[in-house]
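Trainee: Can you keep this structure in mind? I'll have questions shortly.
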Amino acid sequence: MQPSSTARALDLRRPVALVPVTVEKPWGREVWYSGFETRGESGVRQNGTRVRLSDYLRGMGWAEVVLLKELHATAGDLYLEVHETKSEVYVARAPGRVQHGMNQGLRRRHGDDVEFRRAFLRAAEAYERGAVGREAVDAFVAEREFAGGDVVAVEPWTPHSLQQGAWVVEFQTPVFERLILASSTPVATQDHWDTGRALPRIALDPPTAAAPEPVAPGAERLSAARGFGVWRARGPVRLPDGVPYVVGLVLDGVAVVGGERMEGGFLAPAPEGVCVEGEAVFAGPGL
């Protein structure tokens, strides 16, 4: 594939800085570093030249890369939702709370998973009608606190909702699909909830806790999601052979990737390593 006319202004062998775009939400805002759709598109920059992310990806012959965002839940809770195929990994920038998985105590008290699902559906439908408050739905969902630096890995069909005040970096499968179970804020993209459709597939067992593992001095794998891994580095680290790209965010200091000093978001094709002076998180296939 030939590079687009705009992408030809870049050296496609070298890393690029990511130019984020902010998308306002009823619950706060998302900052997209590697996203593009009708609501907005991030960009890439190299030596003062800036192009749209979609043009850069066409030039590289890539359809997509791992989606990197920051989520700021400043005005409310995120939607309680599940995904059919998408995996998400949150790295907390500050203390917060998340609903993640189902309430195992309430599940045991029902004694039967079929009845537990039905009771959850009744609560969600009553909440959607305005007949009960959000607490009727919250009773069915597990909630926990997290500290800055903690990791939450969300697998398909696991109910989840970041709560008001949360600030996280998110890496996710680059596809837009979700089923909304309940929401305390208006839903911008649809006029209904999907609780009944999702009900038979909702994962009831407790989600597996993220367990970071050392991969090199000063570096750890935070999660191995479906299709990509997420690493955190606080020093120089060599990457496995064959990694096609990494997309990342410098949380503190700078990162040197492919000989380029990066602050903020970055995207690097076929990197051999990352040297971090501070702290950075990054993701890619094969990590």
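To convert, note that position 195 of the sequence shown is 203 in the numbering used here; the numbers rise steadily by one, no gaps.
Don't be surprised by glycine CBs; every beta carbon is placed ideally from N, CA and C.
Everything numeric in this text was worked out from a predicted model, so none of it was measured.
Residue 118 by DSSP, collapsed to three states: which one?
Mentor: One-based indexing of the sequence shown puts residue 118 at position 110. Residue 118 falls in the helix class under three-state DSSP.
Trainee: How long is the line joining the alpha carbons of residue 243 and residue 142, rounded to whole angstroms?
Mentor: Here residue 243 refers to the residue found at position 235 when the sequence shown is read from its first residue. Here residue 142 refers to the residue found at position 134 when the sequence shown is read from its first residue. Residue 243 and residue 142: Cα-Cα distance of roughly 44 Å.
Trainee: Per DSSP, residue 270 is paired with what?
Mentor: On the sequence shown, residue 270 is found 262 positions in, with the first residue counted as 1. BP columns for residue 270 point to 263.
Trainee: Which same chain residues, not among the five before or five after residue 334, have their C-beta less than 8 Å away from its C-beta?
Mentor: Because the chain is modelled from 9 through 295, residue 334 falls outside the range shown and cannot be assessed.
Trainee: So the candidates are 237, 70 and 197; which of them puts its Cα closest to the Cα of residue 220?
Mentor: Taking the first residue of the sequence shown as position 1, residue 220 is located at position 212. Residue 237 is the option with its Cα nearest to residue 220.
Trainee: Which partner residues of residue 319 appear in the DSSP bridge assignment?
Mentor: Residue 319 lies beyond the stretch modelled for the chain, which goes from 9 to 295, so this question has no answer here.
Trainee: Buried or exposed, going by whether 16 or more other CB atoms sit within 10 Å of the CB of residue 217?
Mentor: Walking along the sequence shown from the start, residue 217 turns up at place 209. Burial is judged here by how many other beta carbons sit within 10 angstroms of a residue's own beta carbon; residue 217 has fewer than 16 and is exposed.
Trainee: Are at least three pairs of beta-carbons, each pair with one atom in the segment 187-205 and one in the segment 86-99, less than 8 Å apart?
Mentor: yes
Trainee: Under the assumption that residue 65 contacts residue 73 (Cβ atoms under 8 Å), give the Cβ distance between them as a whole number of angstroms.
Mentor: By one-based count along the sequence shown, residue 65 stands at place 57. By one-based count along the sequence shown, residue 73 stands at place 65. Confirmed, about 7 Å.
Trainee: For residue 262, I'd like the list of residues in its chain whose CB is within less than 7 Å of its CB, leaving aside the five on either flank, ordered along the chain.
Mentor: If you number the sequence shown from 1, residue 262 lands on position 254. Excluding positions up to five away in sequence, the list reads 269, 270, 271, 285 and 286.
Trainee: Between which two residues does the beta strand (DSSP E) harbouring residue 25 extend?
Mentor: The residue labelled residue 25 in the question sits at position 17 within the sequence shown. Note, residue 25: beta strand (DSSP E), 24-27.
Trainee: Would you report the Cα separation of residue 275 and residue 179, rounded to the nearest angstrom?
Mentor: Locating residue 275 in the sequence shown gives position 267, where the first residue counts as 1. Locating residue 179 in the sequence shown gives position 171, where the first residue counts as 1. Rounded to the nearest angstrom, the two C-alpha atoms are 13 Å apart.
Trainee: In angstroms, rounded to a whole number, what distance separates the CA positions of residue 222 and residue 136?
Mentor: Counting from one through the sequence shown, the residue named residue 222 turns up at place 214. Counting from one through the sequence shown, the residue named residue 136 turns up at place 128. So the two alpha carbons sit approximately 45 Å from each other.
Trainee: May I ask you to list the residues that DSSP assigns as paired with residue 191?
Mentor: As a first step, residue 191 is located in the sequence shown; it is residue number 183 there, counting from the start. Residue 191 is bridged by DSSP to nothing; it lacks a bridge partner.
Trainee: Whole-angstrom Cβ separation of residue 176 and residue 101, contact assumed at under 8 Å?
Mentor: Indexing the sequence shown from 1 puts residue 176 at position 168. Indexing the sequence shown from 1 puts residue 101 at position 93. For a cut-off of 8 Å, the C-beta gap from residue 176 to residue 101 is around 6 Å, short enough to register as a contact.
Trainee: Alpha carbon to alpha carbon, how far is residue 292 from residue 282?
Mentor: For the purposes of this step, residue 292 is taken as residue 284 along the sequence shown, with counting starting at 1. For the purposes of this step, residue 282 is taken as residue 274 along the sequence shown, with counting starting at 1. Going from the Cα of residue 292 to the Cα of residue 282 covers about 13 Å.
Trainee: Could you check whether residue 38 and residue 77 sit closer than 7 Å to each other, using their CB atoms as the reference points?
Mentor: The residue you call residue 77 lines up with position 69 of the sequence shown. The residue you call residue 38 lines up with position 30 of the sequence shown. Between residue 77 and residue 38, the C-beta gap is smaller than 7 Å, which places the two residues in contact.
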